[in-house]
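Just so we're aligned, residue -7 is where the sequence shown starts under the working numbering, counting upward by one. Quick notes on the structure that follows.
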Amino acid sequence: MKIYGSTPHDLNLYINSKQQTDKPVLVTGTIPELSHDTDTVEISPAARQLAASDIVNHSAVYFGTVQINDSLNRLLKDQPSEVKEAVYGIIQSNFITDVTDEEERAALLELGLSQAKYIADNYLKDDEAAEFMNTIHQIGAISKTRTIDPETKQIRYETPPQRPIGAPDDYIKLTDMMQKFEPETLDKLQTAIVNGKDWGNILRTFAEKVSTRKDWVQEYREGAANPIGDIAGENRFENASTASLNEFVKNIRDIIANAGFENTRLLTDNIEAFMRTLKNPNS
């Protein structure tokens, strides 16, 4: 890169005035030694064609639920940075995305599941791989619950009931029950918290009510025991070989080229980004 500088014709800085020889002043004029009329920045052809692999955009860490976050943290703790980046890249680019076309979202979900399978087969041991794929399937299921508010355009996802790490299986989170059975009470609770009002009384009153509603408790626990959503079905990428990254990517590209996808560029860019991430030790 070459940079050429110039000074505008109407400005010189700190030239001594004849009237005040002891103080610097700002006056107009030109510097004869400088002949440049404009500032110029010259970028070499090589810089203009900066490789995509030289640009690193880190994926946001996905939380999801307490259980999902705990699972991913444990499983990825000792993994190389590029593996962690690839996993969160799958979640951000294939599951929890801003893509609106339903067919494209479905294809990205299928591709993301296959990318996760490659991670499981090549970086995780048997028990870890099974837990990882179970967690990934939970996130995939959550992604299919997406709804968009027609007025605010805000995107929402349903998540299964959560419990603190180490809490018993029959743990009940009152705010989750509020959201399910009395959403208006949850609104009042949140408003009271924000405004510094007596939110404790609202929570206690609701807890007392829950203790008398065995039907609520039963329905809540049944819901907590069942997974959110369903991602069972055909995965057009499930037979891609995970023996090596090059073979996996080649298989995926062949499937994209022959499966009749309308937006092949979206999927091709996605698998190439996955490959670059795993090959880049600085991810």
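Virtual Cβ for every residue (Gly too), placed ideally from N, Cα, C. Keep in mind it's a predicted model, so treat the numbers as computed, not measured.
| query | Does DSSP put glutamate 264 in a helix, a strand or coil? | reply | In the sequence shown, residue 264 corresponds to position 272, counting from 1. Three-state result, glutamate 264: helix.
| said: Using 8 Å as the cut-off, can you tell me whether the region 194 to 203 makes contact with the region 170 to 182, which would need three or more C-beta pairs spanning the two stretches below that distance? | reply: yes
| query | Residues bridged to isoleucine 140 by DSSP? | reply | Start at 1 with the first residue of the sequence shown, and residue 140 comes out as number 148. Ile147, per the DSSP bridge assignment.
| request: Please report how far the alpha carbon of glutamate 214 lies from the alpha carbon of methionine 125, in whole angstroms. | output: Residue numbering aside, residue 214 sits at position 222 when the sequence shown is read from its first letter. Residue numbering aside, residue 125 sits at position 133 when the sequence shown is read from its first letter. Looking at the two C-alpha atoms, the distance is approximately 23 Å.
| field | Distance between beta carbons of glutamate 95 and glutamate 254, contact taken as under 8 Å | value | Translated into the one-based positions of the sequence shown, residue 254 becomes position 262. Translated into the one-based positions of the sequence shown, residue 95 becomes position 103. Their Cβ separation, rounded to whole angstroms, is 7 Å, which keeps glutamate 254 and glutamate 95 in contact under 8 Å.
| query | What is the residue span of the alpha helix (DSSP H) that leucine 116 lies within? | reply | Locating residue 116 in the sequence shown gives position 124, counting from the first residue. Per DSSP, leucine 116 belongs to no alpha helix (DSSP H) and is neither H nor E.
| request: Output the boundary residues of the alpha helix (DSSP H) element that contains aspartate 90. | output: Position 98 of the sequence shown, counted from the first residue, corresponds to residue 90. Counting along the chain, aspartate 90 falls outside any alpha helix (DSSP H), and DSSP gives it neither H nor E.
| Integer Cβ distance of valine 202 from leucine 258, believed to fall under 8 Å | In the sequence shown, the residue the question calls residue 202 occupies position 210. In the sequence shown, the residue the question calls residue 258 occupies position 266. Contact flag wrong, Cβ pair sits at about 46 Å.
| field | Classification of glutamine 146 by the beta-carbon crowding that lies within 10 angstroms, buried from 16 upward | value | For the purposes of this step, residue 146 is taken as residue 154 along the sequence shown, with counting starting at 1. Exposed.
| query | What is the DSSP secondary structure of arginine 66, counted as helix, strand or coil? | reply | Along the sequence shown, read from residue 1 onward, the residue named residue 66 stands at position 74. Reduced to three states, the DSSP call for arginine 66 is helix.
| Where does the unbroken alpha helix (DSSP H) through asparagine 243 begin, and where does it stop? | Within the sequence shown, the letter at position 251 stands for residue 243. Residues 237 to 250.
| request: Figure out for me which residue from Asp70, Asp113, Ile223 and Pro142 has the closest Cα to the Cα of valine 134. | output: Here residue 134 refers to the residue found at position 142 of the sequence shown. Here the sequence assigns isoleucine to residue 134, which means valine is not the residue at that position. Selected option, being the one with the closest Cα: Ile223.
| message | Helix, strand or coil for aspartate 162? Go by DSSP, reduced to three states. | response | The residue you call residue 162 lines up with position 170 of the sequence shown. Aspartate 162: coil per DSSP, three-state reduction.
| Cβ contact (3+ pairs, closer than 8 Å) linking the region 78 to 86 and the region 53 to 69 | yes
| Nearest to arginine 138 by alpha carbon, out of Lys242, Thr89, Thr234 and Ala99? | Position 146 of the sequence shown holds residue 138. Nearest option by C-alpha distance: Thr89.
| For glutamate 254, does the three-state DSSP call read helix, strand or coil? | Taking the first residue of the sequence shown as position 1, residue 254 is located at position 262. The answer is coil: DSSP assigns glutamate 254 none of H, G, I, E or B.
| query | Should valine 75 and isoleucine 111 be called a contact, given that it needs their Cβ atoms to be closer than 9 Å? | reply | Within the sequence shown, residue 75 is the residue found at index 83, counting from 1. Within the sequence shown, residue 111 is the residue found at index 119, counting from 1. A contact, by the Cβ cut-off of 9 Å.
| Do glutamine 107 and threonine 57 have their C-beta atoms closer together than 9 Å? | For the purposes of this step, residue 107 is identified with residue 115 of the sequence shown, where counting begins at 1. For the purposes of this step, residue 57 is identified with residue 65 of the sequence shown, where counting begins at 1. For glutamine 107 and threonine 57, no; Cβs fall outside 9 Å.
| message | Taking the beta carbon of asparagine 86 as the centre, do at least 16 other beta carbons fall within 10 Å, making it buried, or is it exposed? | response | On the sequence shown, position 94 is the one that residue 86 refers to. Classification for asparagine 86: buried.
| task | Count the other C-beta atoms from every protein chain shown that fall within 10 angstroms of the C-beta of proline 160, then say buried if there are 16 or more, exposed otherwise. | result | Within the sequence shown, numbered from 1, the residue matching residue 160 stands at position 168. With fewer than 16 other Cβ atoms within 10 Å, it is exposed.
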